[in-house]
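Here the structure is laid out as structure tokens; the discussion comes afterwards.
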């Protein structure tokens, strides 16, 4: 009997030892997982970011920065990022809703509004902002058929994940999930334009996946196919998000606060022919950008960054209403970009209705 008790006692000690050892292994595993988990960073006060210069990867058979022959245009560069030295902007007034066509008034702009619009970028051309703001529009929104084409040269660009907006990445802050990338921003703009009675087309081709190389060349062919099928198209909007890092190397958010909500700041990019590619109508595109920015400044001062005037043309030679629009940056969230998209779309409706009313 004593032998059985001793046997049971030893067996119990062995079981307890095994349980203690197992608990230690579980604790060590959890500590390892915690240490190896990615850290999520939130930039509340934006330090001055280090500008990143983005270029498309060199196509096969080409050397770095090749000198173009007369029959071979130079490789276009993706918009580089402007240094941002301002922090979060506080906007007191709520955004204005878009006017309907019946209540729209002709577009008029003051010299003060022209002076308030900043223009930066690498282009050295001189121009008169007030003259461009007041020149008659080259756009014709009358008649039937689609008037707006929304495209995405870099369709996989995504934002910093947030609660309710996680995604499967296809690269660093990129995804093929159209509900989580800049395609979702384009869809929101298209929805509001359609609700306002402005027929809109939205192309969601993944031009930058699986190969980022040649995105602009592929986009050019797509735009030309739409214009051939729908000659009524007046404006082509290439929707992107910018890529900016803070001094620590983390994605930075370009934000402003409006009525207590965070909005992603907006930058309009306008191409020219200074880089050598044919683009005789670039001033028409710049005039549209200036008018849109003036209207946005009325609705939400501080939302817009300086217009980025570039030496590249970014396929904007295809229409007299082409713009590249950067909705926030990689450090912003999708919800912030969507708020800006709605405000931008409302303002675009006001712009289009105003053009219809302007002689």
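Residue numbers (our numbering): 30 to 388. Each residue gets a CB set at the ideal place from its N, CA and C atoms; glycine is no exception.
- If you ignore the 5 residues before and after residue 219, its C-beta comes within less than 6 Å of the C-beta of 179, 229, 231, all in its own chain and listed in chain order.
- When secondary structure is reduced to three states using DSSP, residue 306 falls in the coil class, being assigned neither helix nor strand.
- Here DSSP, grouped into helix, strand and coil, assigns residue 385 to helix.
- Approximately 18 Å separates the beta-carbon atoms of residue 263 and residue 375; this is outside 8 Å, ruling out the contact.
- Sequence-distant partners of residue 164 (beyond 5 residues in either direction) whose C-beta falls short of 7 Å from its own C-beta, in its chain, are 316.
- Distance from the CA atom of residue 341 to the CA atom of residue 347, rounded to whole angstroms, is 14 Å.
- With a contact defined as Cβ atoms closer than 8 Å, residue 297 and residue 321 qualify at about 7 Å.
- The secondary-structure analysis by DSSP pairs residue 204 across a beta bridge with 198.
- Rounded to the nearest whole angstrom, the CA to CA distance from residue 209 to residue 166 is 35 Å.
- Secondary structure note for residue 292: it is in no alpha helix (DSSP H), and the uninterrupted beta strand (DSSP E) holding it is 290–293.
- Excluding five sequence positions before and after residue 323, the CB atoms of its chain that fall closer than 7 Å to its own CB belong to 138, 142, 146, 162, given in chain order.
- In this model, residue 319 and residue 158 are separated by some 7 Å (Cα to Cα).
- Taking a C-beta distance under 8 Å as the contact criterion, residue 235 and residue 184 qualify as a contact pair.
- Following the DSSP letters along the chain, one finds residue 179 inside the beta strand (DSSP E) bounded by residues 177–180.
- A direct Cα-to-Cα measurement between residue 281 and residue 172 gives close to 43 Å.
- In the DSSP annotation of this structure, residue 262 is not part of any alpha helix (DSSP H), being labelled neither H nor E.
- Closest by C-alpha distance to residue 252, out of 241, 313, 266, is 266.
- In this structure residue 154 is in contact with residue 301, their Cβ atoms being roughly 6 Å apart against a cut-off of 8 Å.
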